[in-house]
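These notes concern the structure reproduced below.
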Amino acid sequence: MRSTRSEIAVRTRARITRRLIPFLMFAYLLAYLDRANLSIAKLQMQTDLHLTDAVIGFGAGIFFLGYFVLEIPGALLVERWSARKWLARIMVSWGIVATVTGFIGTSFFGGIPLRHQFYAARLLLGLAEAGFFPGIIVYLSHWFTFEDRSRAKAYFMMTQPLSIVIGVPLSRWILETVHWHGLAGWRWVFILEGLPCIVMGLVTLFYLTDLPSQAKWLSQEEKNWLEGELQKEREARTAAQRVRLIEAFRNKYVLLLIAIYILIVSGNQGLIFFFPSITNQMTSMSVAWRTAVTILPYIFGMAGIFLAGYSAHRRREHRWHTAAPILITGCGLALAILSGDHIALAIAFFCLAGAAARAYLPAFWTLPTAFFGSSAAAAAIGLINSLGSLGGFIGPSVFGYLKTKTGSFDAGLWFLVGCTVAAGLLSLTIPAGSRRQVNNQKEANATKT
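No gaps in the numbering here: position 233 of the sequence shown is 247 in the numbering used here, and each next residue is one more.
In structure tokens:
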């Protein structure tokens, strides 16, 4: 009987992974592409619309204010209503807004000042996309047991650097070569990368399944095994007196994770939006080589996420798998700045920072689902991502302001280093009991079988 259950477990895990992970990765790739393509479009857009680095940085950051407003309600709707319908709504909405962004400065926006048009488009994009990332994290908890979530999230979160690796050369190609109907290349970057999201949203309605009990693509014994394992987890959290929904909003560990996330997002998002501008100043290289250098750190980033997620899954440890990558990122950025005019050395250190920059994600986002019950975990994830995403406003805004004031990227980069190192040091204060909690949970589950 035990070997039969083991075979069912292996088969169920494999089938769920094949069915959900590639689709969710592609959806998130499109989302991240529409969020980050501004970093390439700005290379022409800034000149055409006469926008300063401070304006671009503020506009890049104001996206996250929209996130802040709707993130928690979005995560709760996935938990309590329908992930399939809510995620589809998000994708259709952000696809429309992303496409419309390509018409800034035309009669479509009337007589609204250009700067305000840009700010409005970015704010609406954030509002449209709010709830997507935490919604996916909550959705994965409906399909993967706790011990499998780090690995599942590692696959999903590899999409962040992958979207840059694919998106930067794609956006650069559109920018340089597509000028249909007299529209500038930067406009087509937004239009051509926004339209597929609308289609993807409609497909989501028919492809995703909200709960295992509704999955026609699983056999009954596979459904029974998965629902049984997830139910044991829920009972174990209840027996361990995990905090209720309202307590998630005042729990000290949630506040700690929020502080860490604000700081690390400030560092990462500031670099995402201005790194193409940094590499664009390496004029001793061709455009093709500058594009390659822009995506190189993110290629290493995919490997970093996968290896860290695999290690966290195998060792069942989350504090050091969160703190170490963040600290390495800060060190890499600092060394890149200190490299000065040694371009090859600076590129190597940027690659080191890129390899570690998102490697913390699988371990970090497993923590809320370890500490809380389902609704409380959804609220905690939404709260952490909502308030933490304000770092996405702080990082690009401060970086753009410092670049405008000093005329150099160095001051902005040192600000990002400070944010990242502070996040890493705070991560070391995460309770070391995450491994013990997993083992206790497994023991509690075993006593019920």
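Glycine included, C-beta positions come from ideal geometry on N, C-alpha and C.
Only a predicted model underlies this, so the values are computations on that prediction, with no experimental measurement involved.
With respect to the C-alpha of residue 408, the residue from 45, 334, 28, 430 having the closest C-alpha is 430. For residue 136, the uninterrupted alpha helix (DSSP H) run begins and ends at 128-143, by DSSP. By the C-beta criterion, the stretch 164-172 is judged to be in contact with the stretch 311-324, since at least 3 inter-stretch pairs fall below 8 Å.
Counting the other CB atoms within 10 Å of its CB gives residue 122 a total below 16, which places it among the exposed residues. Rounded to the nearest whole angstrom, the CA to CA distance from residue 248 to residue 231 is 24 Å. Non-local beta-carbon contacts of residue 308 in its own chain, meaning distances under 7 Å to residues more than five positions away in sequence, involve 182, 289, 290, 293 in chain order. For residue 358, the secondary structure class from DSSP, reduced to helix, strand or coil, is helix. For residue 177, the uninterrupted alpha helix (DSSP H) segment begins and ends at 173-191.
Nearest Cα to residue 63 within the set 133, 109, 44: 133. In the DSSP annotation of this structure, residue 224 is not part of any alpha helix (DSSP H), being labelled neither H nor E. For residue 315, the enclosing alpha helix (DSSP H) covers residues 301-329. Non-local C-beta neighbours of residue 211 in its own chain, meaning closer than 8 Å and more than five positions away in sequence, comprise 44, 45, 48, 105, 106, 108, 109, 112, ordered along the chain.
Following the DSSP letters along the chain, one finds residue 333 inside the alpha helix (DSSP H) bounded by residues 333-352.
The three-state secondary structure of residue 60, taken from DSSP, is helix. Excluding its 5 nearest sequence neighbours in each direction, residue 287 has C-beta neighbours in its own chain below 6 Å: 53, 74, 410, listed in chain order.
Between residue 318 and residue 373, the C-beta spacing is below 7 Å. When secondary structure is reduced to three states using DSSP, residue 373 falls in the coil class, being assigned neither helix nor strand. The C-beta distance from residue 189 to residue 203 rounds to 6 Å, short enough to fall under 8 Å.
If you compare the alpha carbons of 402, 246, 280, 414 with that of residue 159, the shortest gap goes to 246. Residue 81 is a Cβ neighbour of residue 144, given a cutoff of 7 Å. Residue 417 and residue 24 have their alpha carbons spaced roughly 52 Å apart. Just measuring C-alpha positions, the residue of 60, 140, 196, 152 sitting nearest residue 380 is 152. In the three-state reduction of the DSSP assignment, residue 166 falls in the helix class. By the criterion of a C-beta distance shorter than 6 Å, residue 69 is surrounded in its chain by 129, once the five residues flanking it on both sides are discounted.
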